[in-house]
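These notes concern the structure reproduced below.
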Amino acid sequence: MRRPIAAGNWKMNNNIDESEKLIVDLKALVKDVEDVEIVVAPPFTALSMVSSRLIGTNIKLASQNMHFESSGAYTGEVSVNMLVDVGCEYVIIGHSERRAYFAETNDTVNKKLKTAMNNDLTPIVCVGETLAQRESDKAFEVIEGQIKQGLSGISVEDAEKIVVAYEPIWAIGTGKTATKEQAQEVHAFIRKTLTAMFSDNAAAAIRILYGGSVKPENVDELMLQEDIDGVLVGGAALKAESFARIVKFQ
Ligand code: PEP
């Protein structure tokens with residue numbers, strides 16, 4: 005019922021040549037995949053080139069970030085119109101690195117989410133707890149706050165189009181993956197929170213991705229979990245072979 009998504013976040017990696025090689029290799033490796041939505045989020049400088057290579061393929065383009073205002077005096081920022089113009093269909097919002105290093109809050113996440121939805125860009129909203137929060141039994145409280153504040157003021161109809169990514173911060177880029185049980189527990193909790201905010205139907209339609217050291221070796225068991233509808237991948241998305249294997253989870 006929920007179409008799985010495999011999204012690769014290239015972060016601040018790959019110049020234009022490197023991005024071109026990666027996307028050309030990836031295209032060839034996943035060209036026959038039909039049942040998974042494949043998404044790549046290159047750095048801003050490579051969006052235009054990657055976009056041109058994706059025409060007529062089964063891979064969609066995402067931005068790693070955007071500003072919530074549509075235009076104006078925001079030096080260094082990129083607007084939703086610019087992203088749509090370059091061919092983006094998705095935008096990652098509130099990644100933990102943006103929250104930690106660039107002062108993003110649940111409030112800015114909410115503003116960006118609304119701007120994205122008003123412009124038909126599908127948001128991938130990231131939530132997740134730190135290790136300290138998990139160890140002090142605060143994980144669920146933190147995640148509930150991120151969902152409730154981040155997604156506040158959204159209509160039930162719009163809510164169905166949102167993609168949520170659960171990314172425990174202690175598992176990002178560390179090689180530590182949440183166990184499939186830990187991940188499923190949080191995903192089920194997120195869906196319960198979404199049910200209370202919106203409706204059974206909306207919560208059942210929303211795709212919830214897992215992110216945090218996903219690799220070819222652990223993707224299959226994660227994807228077998230009832231409430232895991234896909235993955236958001238960092239490091240393992242930088243190699244065409246490993247990301248292609250993740251896309252072809254079993
Ligand atoms: C990420 O940053 O979204 C991520 C999940 O990174 P990694 O796969 O490298 O842990």
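Start counting the sequence shown at 5; every next residue gets the next number (this note's numbering). Ideal placement from N, C-alpha and C gives every residue a C-beta, glycine not left out.
Measuring alpha carbon to alpha carbon, tell me which residue in the options is nearest residue i.
i    : options                : result
A241 : I42, R7, I20, K35      : I42
M275 : I250, E108, G238, A208 : Only positions 5 to 254 of the chain appear in the structure, and residue 275 is not among them; the question remains open.
G157 : A136, T119, A192, E145 : T119
N13  : I147, M5, H99, E148    : H99
D224 : P47, F72, T183         : T183
A11  : L198, A50, E93         : E93
Q188 : F144, S159, V34, N18   : F144
A45  : M70, A32, K35, G60     : M70
S203 : Q186, E161, E230       : E161
T178 : E148, L26, K219, S67   : K219
Q68  : I97, G60, G80, S52     : I97
A244 : E108, L30, Q150        : L30
V131 : R102, F106, A208, V54  : R102
G221 : A208, Q229, Q254, E230 : The amino acid at residue 221 is misidentified as Gly; the sequence shows Glu. Ranking A208, Q229, Q254, E230 by Cα distance to E221 puts Q254 first.
G257 : T112, I9, N19, N123    : Any answer about residue 257 is impossible in this case: the structure gives the chain only from 5 up to 254.
S52  : I20, S140, A107        : I20
D39  : S55, M5, N17, A50      : M5
E133 : E22, F106, I176, Y105  : I176
If we call anything under 8 Å between Cβ atoms a contact, is residue i one with residue j?
i    : j    : result
E164 : I210 : yes
I232 : A169 : no
P172 : R138 : yes
V190 : G215 : no
S217 : K180 : yes
R7   : V28  : no
S74  : N62  : no
A192 : L198 : no
V88  : T126 : no
F48  : V95  : no
K152 : M201 : yes
K35  : F72  : no
G238 : K25  : no
A248 : L33  : yes
N114 : G149 : no
S55  : V90  : yes
Which residues does DSSP list as the beta-bridge partners of residue i?
i    : result
T126 : Y94
I312 : The requested residue 312 is not part of the displayed model; the chain covers only 5 to 254.
A192 : Bridge partners of A192: none, in fact.
G234 : I9
A169 : C130, L213
If I follow the unbroken alpha helix (DSSP H) through residue i, where does it start and stop?
i    : result
S52  : 48 to 58
N205 : 204 to 209
S100 : 100 to 105
V37  : That residue, V37, is in no alpha helix (DSSP H); it is neither H nor E in DSSP.
V223 : 223 to 227
K152 : 143 to 154
V160 : 160 to 163
S246 : 244 to 251
E139 : 135 to 139
Which stretch, first to last residue, makes up the beta strand (DSSP E) that contains residue i?
i   : result
Y78 : Run containing Y78: none; DSSP gives neither H nor E here.
Taking only heavy atoms of the ligand ADP into account, decide whether any of them is closer than 7 Å to the Cβ of residue i.
i    : result
S246 : Absent from the structure shown: the ligand ADP. Ligands present: the ligand PEP.
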